[in-house]
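Chemist: My questions all concern the structure below.
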Amino acid sequence: SLSSTECAALHSVLALGMWDECEFTLLYRASRDGAEYGDLLRCVGDTKGLVFLIRKDRYVFGVSMSAGIRLPDHPGGNNTYICNGWHF
Numbered sequence: 018s019l020s021s022t023e024c025a026a027l028h029s030v031l032a033l034g035m036w037d038e039c040e041f042t043l044l045y046r047a048s049r050d051g052a053e054y055g056d057l058l059r060c061v062g063d064t065k066g067l068v069f070l071i072r073k074d075r076y077v078f079g080v081s082m083s084a085g086i087r088l089p090d091h092p093g094g095n096n097t098y099i100c101n102g103w104h105f
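Going by our numbering, the first residue of the sequence shown is number 18, and it counts up by one from there.
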C-alpha cells in the first residue's frame with residue numbers, strides 16, 4: 018500500500034497532468050486478488066482511467082492510461098489501440 022505521503026504526491030502529479038480531479042479506488046491487488054492475468058481482468062472489468070502501480074522495495078513505478086483494457090478477439094492474439102498514457 019502507498020503511504021499517505023506517497024498517495025498525496027501521486028494524486029498531485031496525476032491531477033495536474035491527466036485530470037482536473039482524480040480519486041483512487043483500489044480495484045486489484047495481486048497479493049489479495051490473485052496474480053493471474055484473468056484475476057486482473059476480473060477485478061478491473063471495463064473501468065477506464067486506470068493507474069497501475071508496482072512497488073519494489075522503496076521504489077514505486079507506474080503507468081496511467083485513459084482507456085480501459087481492451088481484450089483481443091481471441092486469447093492468443095493481441096490488441097493495439099490508441100489512448101492517452103503516461104509512465105512514472
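Note that the Cβ used here is the ideal one computed from N, Cα and C, for glycine as well. Because the structure is a prediction, the values reported are computed rather than measured.
To the nearest angstrom, how far is the alpha carbon of histidine 91 from that of glycine 85?
Modeler: Using only the alpha carbons, I get a separation of about 18 Å.
Chemist: In this structure, does DSSP put serine 48 in helix, strand or coil?
Modeler: Correct three-state label for serine 48: helix.
Chemist: Tell me which residues share the same chain as cysteine 60 and place their Cβ nearer than 7 Å to its Cβ, disregarding the 5 neighbours each side in the sequence.
Modeler: Around cysteine 60: Leu44, Tyr45, Asp50.
Chemist: Checking the sheet assignment: what are the DSSP bridge partners for isoleucine 71?
Modeler: Beta-bridge pairing links isoleucine 71 to Phe78.
Chemist: With a threshold of 16 other CB atoms inside 10 Å of the CB of serine 29, please say whether the residue is buried or exposed.
Modeler: Under this definition serine 29 is an exposed residue.
Chemist: Taking only the alpha-carbon atoms, compute the straight-line gap between serine 18 and glycine 66 and give it to the nearest angstrom.
Modeler: About 20 Å.
Chemist: Which same chain residues end up closer than 8 Å to arginine 87 when comparing Cβ atoms and leaving out the 5 residues on each side of it in sequence?
Modeler: Excluding sequence neighbours, arginine 87 sits near Asn96, Tyr98.
Chemist: Do you know offhand how far arginine 75's Cα is from alanine 26's?
Modeler: Whole-angstrom Cα-Cα distance: 15 Å.
Chemist: Give the DSSP-derived three-state secondary structure of glycine 93 in the structure shown.
Modeler: Glycine 93 falls in the coil class under three-state DSSP.
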